[in-house]
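Under this note's numbering, the first residue of the sequence shown is numbered 610, with each subsequent residue one higher.
Ideal Cβ positions, reconstructed from N, Cα and C, are used throughout, including at glycine.
What follows is a short report on a single structure.
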Amino acid sequence: MTPAFTPGFTPSSIAALVIAVSFAAGLNVYATVLTLGLLARAHWVMLPPGLESLGHWWVIGVAGALFAAEFVADKIPGFDLLWNALHTFIRIPVAALMAYHATAQLSPQMQILAAACGGVIALVTHSSKTAVRAAVTPSPEPFSNIALSTGEDIGVVSLTWLATQHPWVAAGIALALLAVAMLAARWLAQWIGRWLRQMRNRPSPAAQA
């Protein structure tokens, strides 16, 4: 069956897709893989040759099961911090691997560069997400964590779909969100630093007595 939408795979469009997909994977790698796999399996899009394996049923099944687990785990205050910490060793390597295979039509040097860029984008996105979660977790529950996590899930699926249809638009959105995430992470780091300094400088109860 001929895909309903068949994007042209030029080096620039592949690079744009890599940027958007790497950003999405940094937030939720299972939702990213599941979305790409389902779109390819349903013949709604044609993925770059190196990513065609994502449309296999076993890949979709594994990604779906893991996404279901993350959907619940990511919304539990406190446990979501542990979950995100452990996924430092999953989201970043998988994003780099997808970037490498997405550029299979390019030279080996470009594949390595794409993998490095994909990994860095996923790292920054993942780190920013973890920092924001660390700041949000102490707030009243269950609304804040659940709302933030649900918004991320919807955003990841939407951005991944957009990357297959309009890769440059998706890449622009991803880069803009990446800049916002970096600024937010920097602000949080400064805020935490000030809070820690205030705690260190606060007189102890014994000294006040």
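| query | result |
| --- | --- |
| Buried or exposed (CB count within 10 angstroms, at least 16 for buried), alanine 613 | Note that alanine 613 scores a pLDDT of 41, beneath 50, so its modelled location is shaky; the value from the coordinates is reported in the next line. Its Cβ having fewer than 16 others within 10 Å, alanine 613 is exposed. |
| Span separating the alpha-carbon of valine 627 from that of histidine 775 | 12 Å |
| For arginine 700, the first and last residue of its enclosing alpha helix (DSSP H) | 697 to 711 |
| Touch test, the stretch 695 to 707 against the stretch 638 to 649, Cβ-Cβ under 8 Å, three pairs minimum | yes |
| Alpha carbon of tryptophan 666 to alpha carbon of aspartate 683, nearest angstrom | 25 Å |
| Short Cβ contact (7 Å threshold) for arginine 700 with alanine 788 | no |
| Length of the line joining the Cα atoms of leucine 784 and glycine 670 | 30 Å |
| Assigned secondary structure, asparagine 754 (DSSP; H/G/I helix, E/B strand, else coil) | helix |
| Residue from Ser662, Ser736 and Met719 whose Cα sits closest to the Cα of alanine 694 | Ser736 |
| Terminal residues of the alpha helix (DSSP H) in which phenylalanine 676 lies | 666 to 682 |
| Where serine 716 falls, given that 16 or more other Cβ within 10 Å makes a residue buried | exposed |
| Sequence-distant residues of its chain with Cβ nearer than 7 Å to serine 662 (five each side left out) | Val668 |
| Local conformation of isoleucine 685 per DSSP, three classes | coil |
| Other residues of its chain near tryptophan 804: CB distance less than 7 Å, five sequence neighbours each side excluded | none |
| Beta-carbon proximity list for leucine 771, same chain, < 8 Å, skipping 5 on both sides | Ala629, Val778, Ala779 and Ile782 |
| First and last residue of the uninterrupted alpha helix (DSSP H) at alanine 649 | 638 to 650 |
| Where the alpha helix (DSSP H) through methionine 808 begins and ends | 776 to 810 |
| Where threonine 611 falls: helix, strand or coil (DSSP) | Its pLDDT being 43, under 50, threonine 611 is placed unreliably in this model, and the value from its coordinates should be taken loosely. Of the three classes helix, strand and coil, the one that applies to threonine 611 here is coil, per DSSP. |
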